[in-house]
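Add 146 to a position in the sequence shown, counting from 1, and you land on the number used in our numbering. Every residue gets a Cβ at the ideal spot worked out from N, C-alpha and C, and that includes glycine. Model, not experiment: these values are computed from the prediction. This report concerns only the one structure given below.
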Amino acid sequence: MDHLIHESELEQLKLRARGNPSKMAVYAEAKNEYQTQLSTHFNEEFPFVHSFSDSHLDELRQFAEDNPEDESAQVRYAIQKDRFEAREADKTAHIDRRLLREDLTRKVAAGDVTKSDLEKAAELAKMNGSVENKVLYATIKNLLNGGNE
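Structure representation (structure tokens):
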């Protein structure tokens with residue numbers, strides 16, 4: 147089984163690609179690979195399910211375990227499992243973003259920011275482009291550049 151492109155991976159590529167033509171090309175290529183995976187491994191008998199329950203995922207897992215030689219069964223389970231996990235993570239993503247913003251704001255107030263904090267602030271601003279998040283990113287960048295911005 148070659149490297150699988152997962153929907154969660156596509157979302158990250160899409161997020162990072164904004165405004166960057168070379169990254170947009172990488173995203174487009176990955177999206178095409180993902181669509182090829184879906185058309186190769188899903189069909190009428192084994193449809194790609196956009197919304198499903200835990201029991202559907204359990205059925206896919208069981209079928210994959212019972213048919214270890216069936217590559218499509220393994221791929222179907224892996225893709226649907228990733229989708230399910232990504233949807234579960236989306237349910238609490240706003241809380242994670244709020245906690246990250248609070249942590250970065252505390253570090254800014256203390257004047258104790260790092261390059262890693264700048265990267266986190268950039269990611270936060272891309273995920274949620276509010277004025278508050280953009281200002282936080284700019285403030286961290288300014289602090290790291292010694293106030294020369």
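Within this structure, are the beta carbons of HIS196 and SER218 separated by less than 8 Å?
No; because the gap between Cβ atoms is not below 8 Å, this pair is not in contact.
LEU289 versus ARG252: straight-line alpha-carbon distance, rounded
Distance between the alpha carbons of LEU289 and ARG252: 13 Å.
Measuring straight from C-alpha to C-alpha, what distance separates GLN181 and ASN166?
22 Å
By the three-class DSSP mapping on this structure, what secondary structure does ARG164 have?
In this structure, ARG164 counts as coil in the three-state DSSP scheme.
Proximity winner among THR285, MET273, ASP236, relative to VAL259 (alpha-carbon distances)
THR285
Measure the alpha-carbon distance for GLU215 versus ARG229 and round it to whole angstroms.
GLU215 and ARG229 have their alpha carbons spaced roughly 23 Å apart.
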